[in-house]
Each structure stands twice: as C-alpha cells, then as structure tokens.
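Worksheet: the structure to be examined is printed underneath.
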C-alpha cells in the first residue's frame, strides 16, 4: 500500500471520528457491505469509484490525492 493511500486512510478515519460515523454507517451511505469498508481501511482494497464515493460522503476534497510522502 502506498504512503499516499495510508495517509488517505488516516484522513478517512479522522473524518469518521469527527462526524461520529461508524464504518457501518459509511458502508450504508456508499451502498456497500461493511466488510468492503473494513477491507478498504485495513488493506487498501477497493476501487477508485468506491474511494471517490467515500470522499463524497465524508466531504473530503480532491486535495488528498496530492498528499506528499
């Protein structure tokens, strides 16, 4: 998993905490199973479409794609 992806995962987890949202809530909002979100956040497994959906739901802008190592 790339450094960039690890930073994105940290950002997603921080947003989940900030919004007091569980992975289950995020999964429902994205239309996927909770296991899919778990794999995305634990192993980095997931399509770009899913990652973009997560960004939309959590109001993460595209600047995460330019995070430096």
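Residue numbers (the numbering used here): -6 to 62.
Cβ coordinates follow ideal geometry from the N, Cα and C atoms, glycine included.
#1: Alpha carbon to alpha carbon, how far is residue -1 from residue 32? Give it in angstroms, no decimals.
#2: Measure the alpha-carbon distance for residue 45 versus residue 25 and round it to whole angstroms.
#3: Which first and last residues belong to the alpha helix (DSSP H) in which residue 27 is found?
#4: Does DSSP put residue 61 in a helix, in a strand, or in coil?
#5: With contact counted as at least three CB pairs below 8 Å, one residue from each stretch, are the region 2 to 9 and the region 47 to 55 in contact?
Straight from the coordinates:
#1: Taking the straight line from one Cα to the other gives about 13 Å.
#2: 13 Å
#3: 27 to 36
#4: Bear in mind that a pLDDT of 49 at residue 61, under 50, signals an unreliable position, so the model cannot answer this.
#5: yes
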